[in-house]
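In mature numbering (1 follows the signal peptide of the UniProt record, and there is no 0), the protein residues as written are -19 to -1, 1 to 319.
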Ligand code: SD4
């Protein structure tokens, strides 16, 4: 009797807590992406549809020029894409990394999840898979990305993102040999809000079904083949409808070492509220890399959400978007970094 009363109040609490559901939340002020995801949910789509449509909107809009085609050219001038999508009910995941020639990276990630028994495909083979699945092969280079690339080449800042190497004396662009002292572009990691942007998105429906996903063109001037945190499960995003969901953005080379999205979800599973879970995930990284560039968004099983970011000169406040049944539209939110 006591137990069923308990259950009754728990159900009541969950229902009440669900009043602002459905929910869409995404990193950065990418309003059109939030709106696309919200529209997908409102027109009867699933949370996976919402995450896919939302991230795809960013890929087409080139959100900030740093998601999708024509952004973040690598060291050879090519744009490559990373993306993932996760179903928080079935725990299925699809991911692509170092994807070339295909604009709709999140769509390919979903095809990996739903049309194969695999979880992640990478590089040229991922592109061939996408072509075989009917995705159009297109040049991801634009005049803007060519311009960014040639400006960077002129800066003579190679070797780039390498350490302990020195360039061939006849060229600044490799081949490189080992060197005792550390050498990097201008002597420091060039990772900040300008070299980076990722859409990370969480969607949740009125039944508490959660999905999460990411899409990015990674890091400007990266070494070809470099894959960041975004397509890595538990790093870029994680969703478990029985615990919560999280998505991260920032310096993936650092962040992926700590699986911040997985950590935040596990903390929420153990009762932490979303803001506290987000903060703890950032704190864990800060312990080792106090000046890393990064942020995370979190949502729990009752549809409450939060965000946290590491305070660095280029990021003192983190902006993210939310749409829920209360707002019925995409609303800009911000959190001060700590
Ligand atoms: C990466 N995390 O490839 C991505 C980029 C990013 O905000 O999130 N920028 O490292």
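Just so it is clear, CB atoms sit at the ideal spot from N, CA and C, and this is done for glycine as well. Just so it is clear, the structure is predicted and the values come from calculations on it, not from any experiment.
task = Could you spell out the range, first to last residue, of the beta strand (DSSP E) harbouring residue 293?
result = Position 312 of the chain shown, counted from the start, is the residue given in the question as residue 293. Taken as a continuous stretch (DSSP letters only), residue 293 belongs to no beta strand (DSSP E), as it is neither H nor E.
message = Please classify residue 279 as buried or exposed, where buried requires at least 16 neighbouring CB atoms within 10 angstroms.
response = Residue 279 sits at position 298 when you count from the first residue of the chain shown. Label assigned to residue 279: buried.
task = Evaluate residue 132 with the Cβ neighbour count: other Cβ atoms within 10 Å of its Cβ, from every protein chain shown; 16 or more gives buried, anything less gives exposed.
result = To locate residue 132, count along the chain shown from 1; it is residue 151. Exposed.
inquiry  = I need the boundaries of the alpha helix (DSSP H) containing residue 315, first residue and last residue.
reply    = Along the chain shown, one-based indexing puts residue 315 at 334. Taken as a continuous stretch (DSSP letters only), residue 315 belongs to no alpha helix (DSSP H), being part of the beta strand (DSSP E) at 312 to 317.
ask   = By Cβ distance below 6 angstroms, which residues in the same chain neighbour residue 307 in space, the five residues on each side in sequence not counted?
value = Counted from its first residue, the chain shown places residue 307 at position 326. Same-chain partners within the cutoff: 1.
request  = Kindly list the residues whose CB is nearer than 6 angstroms to the CB of residue 169, restricted to its own chain and excluding five residues on each side of it in sequence; keep chain order.
outcome  = Within the chain shown, residue 169 is the residue found at index 188, counting from 1. No answer about residue 169 holds up, because its pLDDT of 48 lies below 50 and its placement is not dependable.
ask   = Are the segment 35 to 53 and the segment 119 to 138 in contact at 8 angstroms, needing three or more beta carbon pairs?
value = yes
inquiry  = If you reduce the DSSP assignment to three classes, tell me which class residue 167 lands in.
reply    = By 1-based counting over the chain shown, the position of residue 167 is 186. Any answer about residue 167 is weak, because its pLDDT of 44 lies below 50 and its placement is not dependable; what the coordinates show is given next. Residue 167 falls in the helix class under three-state DSSP.
inquiry  = Please return the same chain residues whose Cβ sits closer than 6 angstroms to the Cβ of residue 102, not counting the five positions on each side in sequence.
reply    = In the chain shown, residue 102 corresponds to position 121, counting from 1. Excluding positions up to five away in sequence, the list reads 77, 93 and 110.
key: Host beta strand (DSSP E) of residue 197 (start-end)   = Counting from 1 along the chain shown, the entry for residue 197 is found at position 216. Here the beta strand (DSSP E) through residue 197 covers 191 to 197.
ask   = Expressed to the nearest angstrom, what Euclidean distance is found between the alpha-carbon atoms of residue 192 and residue 69?
value = Your numbering for residue 192 matches position 211 in the chain shown. Your numbering for residue 69 matches position 88 in the chain shown. Between residue 192 and residue 69, the C-alpha separation is close to 5 angstroms.
ask   = Exposed or buried, residue 56, counting other C-beta atoms within 10 Å across all chains shown (16 or more means buried)?
value = Indexing the chain shown from 1 puts residue 56 at position 75. When all chains shown are included, residue 56 counts as buried.
key: residue -8 (DSSP reduced to helix, strand or coil)   = As a position in the chain shown, residue -8 is number 12, starting the count at 1. With a pLDDT of 49 at residue -8, under the threshold of 50, the predicted position of this residue should be treated as unreliable, though the coordinate-derived value follows. DSSP places residue -8 in helix when its eight states are reduced to three.
message = Among 245, 290, 205 and 44, whose alpha-carbon lies nearest the alpha-carbon of residue 267?
response = Residue numbering aside, residue 267 sits at position 286 when the chain shown is read from its first letter. Of the candidates 245, 290, 205 and 44, the one whose C-alpha sits nearest the C-alpha of residue 267 is 290.
Where the alpha helix (DSSP H) through residue 39 begins and ends = Position 58 of the chain shown, counted from the first residue, corresponds to residue 39. Per DSSP, residue 39 belongs to the alpha helix (DSSP H) from 28 to 42.
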